Amino acid sequence: MSSNTYINQTFNLNILITMAKIKSLEDLKKKKEHLQQKVDLRERADHPENYVQIKVGMATSGIASGAKEVMDYLVDELEKRNVEAVVTQAGDMGYSYAEPTIEVTKPGEEPVVFGYVDTKKADAIIEKYIKRGELVDGVLPQNYRTIDEE
Amino acid sequence: MANYKMHLLVCGGTGCRASASDSILESLKQKLEENNLQDDVQVIFTGCFGFCEKGPIVKVLPDNTFYTQVKPEDSEDIVQEHLIKGRQVEKLLYQDPETGDTIHDSKKMDFYKKQIRIALRNCGFIDPENIDEYIARDGYFALGSVLNDMSREEVISEMKESGLRGRGGGGFPAGVKWDFAYKNESEQKYVVCNADEGDPGAFMDRSILEGDPHSVLEAMAICGYAIGADKGLIYIRAEYPLAIRRLKVAIDQAREYGMLGEGIFDTDFNFDVQLRYGAGAFVCGEETALIHSMEGDRGEPTFKPPFPAESGYLGKPTNVNNVETYANIPVIINKGAGWFKKIGTEKSTGTKVFALAGKVNNVGLIEVPMGTTLREVVFEIGGGIKEGKKFKAVQTGGPSGGCLTEDHLDTPIDFDNLIAVGSMMGSGGMIVMDEDDCMVSIAKFFLEFTVEESCGKCSPCRIGTKRLHELLDRITQGKAEKKDLQRLKNMCHVIADTSLCGLGQTAPSPVLSTLQNFWDEYVAHVEDQRCPAGACKDLMRYEIIPENCVGCTACARKCPVGAITGERKQVHYIDQDKCIKCGACLEACKFDAVIIK
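Here it is, written out as structure tokens:
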């Protein structure tokens, strides 16, 4: 590994020394466990049973079809309507024909992906699916396997 | 208020709608009302299930029952048997074609196996601007275990063992490439990520960088450890601003966590990544041209050898891989080469991401195991051809690839099979064409692209592609002769044989493959001055069939150039010299008297 110890002067190794630095694989494992809990939202919510997680497909094609407006709308409206939810951005889900796409996970339920989401559809998703458990036309069936299933 | 206990999902994809899925939806709703179940069971339309061959599809939730080839009259059985009595309707269940078993839970169906996401595993799943979400999905574990538990040689042999081949086009085994760079001794080496995605229609690299940038950073660091490099460079085109922004965020976060920088995981391994911007020249996807561009020189290729693994960036040993190739690597390390090898075919392991575009219903990004057939991609995952038209061809490999026809629909897609049928994998653009597409025009379109993108360094490419394009242009105008087709062919071979780099060597492929697969279409253009697809404007003729014409004058009134003459109640006539082929008469005629010849 001798060649790795050279530091070229022209290369600025801009290392930020912070507390967060992960020193070992053990550290990383701890971090992961901690993060998974966070992803499960147990820590963030007072009433985790009410928490809804929404991912908005925000790659170039999603944004071009209006994903940003949808995301802003969801953040504002969920707040206004007192729905406890976390809205995050994600990358391309692959359904270019149905952009913008969003994935909604209600606590304890399988995630559901909705396609062709504009603000009107987003409104229907909040009122019908999130509040009352009704599905809305344009659900995109998952048709792939993940590496976790292998 | 309704409190639904069950949901019936009716496929609203184009294929299923064509076989009356909307009347299934209606009749299900009607049956539910008759049985007073409308407040307990909800019926909705979904997007395409990707199982159009066995459509229309109805899926029942929450029990995941999957009914195929449903007819409106089956709704009685679904409601009476399944919903009321709780018994699945056996005759509508899917039978596994190989084992003959009836499948009760859709999760066990093999159409779920059509796609498996390795490179796209986190795309659309995690927040790309949050390293924590990447770590929660096993991110940086591969780097950690490589640095702690594996020697450099072990990493390289794991890569070789996996059989991973370069996803950027050529399909060169990545492990072998790494081994070259590893063996070339030098105090300084470099790891380069080729993010200069240039094929028209391909956008998987952009999507990976926008959706999962850390996977590329992690893989580059693994490569750095294996070959002995402490510097990584990502060459990305400036027209990918969002990908650039997310990469920058990812690099900062990785540095903050110590995943990039000095003494990673408390070892003596240092690695850092910088970005280099390209101006979007297609030739800069060629690795030598890419390196010159990064050095600040003109983006022109040079002769290989020396290969970059020997003398690359600033003359030092450099390993260049493409974005999608890197995105596979952390998974290979985490799950093992043996796991990876089981997916795909013997000589092309793993999966490939394709950007499905053109005249297909479900355009988008798909990731399928190598060896999937074109038929599965186009007709199942892609949902078939738009507007129920007839499939004609699929163009793969962009400007370097060729067209595959109906005869190739059942060919398993992998690197070698595609080359054997005159095309190539390329970076994974897949453009589907239907009966309305003229293959000569398609070849001309791709040639136009190469003419523009040729760097001009070598004459076969600079002059040859221009001449090829001129010839194709003449063919589409009906001005070429039969012997020109032979000239076209000869020119293709000369360009392919004598060009300096991959761009020129493969530039004639779209022409050669269409010549081979659609010879009749070329002949029709030169001998009959006719375009069978009706796409070449110069060869189109609008004519009036005298028997159908009632002399209503509608077409004559619509014609913007006064090319149509004829008295009321008399047969009309189109003056071909005046006609500008706008098609207004065709739309105006209510008696099908106007035709395109």
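Chains as they are written, first to last, in the numbering used here: chain D, 1 to 150; chain E, 151 to 747. Heads up, the beta-carbon is just placed ideally off N, CA and C, and yes, glycines get one too. None of these values were measured; they are calculated from a predicted model.
If you draw a straight line from the Cα of residue 199 of chain E to the Cα of residue 555 of chain E, it comes to about 25 Å. Close partners of residue 95 of chain D in chain E (Cβ separation under 8 Å): 197, 512, 514. Look at residue 362 of chain E: its C-beta is under 9 Å from a C-beta on chain D. Under the three-state reduction of DSSP output, residue 583 of chain E falls in the strand class. An exposed status is given to residue 643 of chain E, since fewer than 16 other beta-carbon atoms sit within 10 Å of its beta-carbon.
Only residues of its own chain outside the window of five on either side were considered, and among them 614, 617, 618, 621, 658 have a CB closer than 8 Å to the CB of residue 641 of chain E, listed in chain order.
Taking 4 residues as the shortest admissible run, the region 294 to 333 of chain E contains the following complete alpha helix (DSSP H) segments, listed from N- to C-terminal end: 302 to 312, 324 to 333.
Secondary structure of residue 545 of chain E (DSSP, three-state): strand. By the beta-carbon neighbour count (other beta carbons within 10 angstroms, threshold 16), residue 464 of chain E is exposed.
Between residue 580 of chain E and residue 474 of chain E, the C-beta gap is not smaller than 9 Å, which leaves the two residues out of contact. Residue environment analysis places residue 111 of chain D among the exposed positions, since fewer than 16 neighbouring C-beta atoms fall within 10 angstroms of its C-beta. DSSP places residue 89 of chain D in the uninterrupted beta strand (DSSP E) bounded by 85 to 90. Residues of the region 20 to 32 of chain D with a C-beta atom less than 7 Å from some C-beta of chain E are 20, 21, 22, 23, 24, 25, 28, 31, 32, listed in chain order. In chain E, no part has a C-beta under 8 Å from the C-beta of residue 86 of chain D; the shortest such distance is about 10 Å. Taken through DSSP and simplified to helix, strand or coil, residue 389 of chain E comes out as coil. Going by DSSP, residue 662 of chain E is part of the alpha helix (DSSP H) stretching over 659 to 667. Judged by DSSP in its simplified three-state form, residue 32 of chain D adopts helix. For residue 469 of chain E, the enclosing beta strand (DSSP E) has its first and last residue at 468 to 472. According to the DSSP assignment, residue 144 of chain D belongs to no beta strand (DSSP E), since it is labelled neither H nor E. For residue 157 of chain E, the enclosing beta strand (DSSP E) begins and ends at 156 to 161. For residue 416 of chain E, a Cβ of chain D is located within less than 9 Å of the residue's own Cβ. In chain order, 205, 206 place their CB closer than 7 Å to the CB of residue 169 of chain E, counting only its own chain and leaving out the 5 sequence neighbours on each side. Residue 509 of chain E is not bridged by DSSP to any residue. Contact annotation: residue 682 of chain E and residue 593 of chain E have beta-carbon atoms that are not nearer than 9 Å. Under DSSP, no beta-bridge partner is assigned to residue 709 of chain E. Under the DSSP assignment, residue 75 of chain D falls in the alpha helix (DSSP H) whose first and last residues are 67 to 80. No Cβ of chain D is located within less than 9 Å of the beta carbon of residue 576 of chain E. For residue 65 of chain D, no Cβ of chain E is located within less than 9 Å of the residue's own Cβ. The C-beta of residue 745 of chain E has fewer than 16 other C-beta atoms within 10 Å across all chains shown, which makes the residue exposed.
Inside the region 668 to 742 of chain E, DSSP marks whole beta strand (DSSP E) runs of 3 or more residues at positions 692 to 694, from first to last along the chain.
Under the 9 Å criterion on CB atoms, residue 143 of chain D is classed as interfacial with respect to chain E. DSSP places residue 616 of chain E in the helix class (H, G or I) of the three-state scheme. In the assembly as shown, residue 249 of chain E is an exposed residue. Its beta-carbon has fewer than 16 other beta-carbons within 10 Å. Residues of chain D whose Cβ lies closer than 9 Å to the Cβ of residue 267 of chain E are, in chain order, 94, 144, 145, 146, 147. Taking 3 residues as the shortest admissible run, the region 491 to 539 of chain E contains the following complete beta strand (DSSP E) segments, listed from N- to C-terminal end: 501 to 508, 514 to 519. The beta carbon of residue 469 of chain E sits no closer than 9 Å to any beta carbon of chain D.
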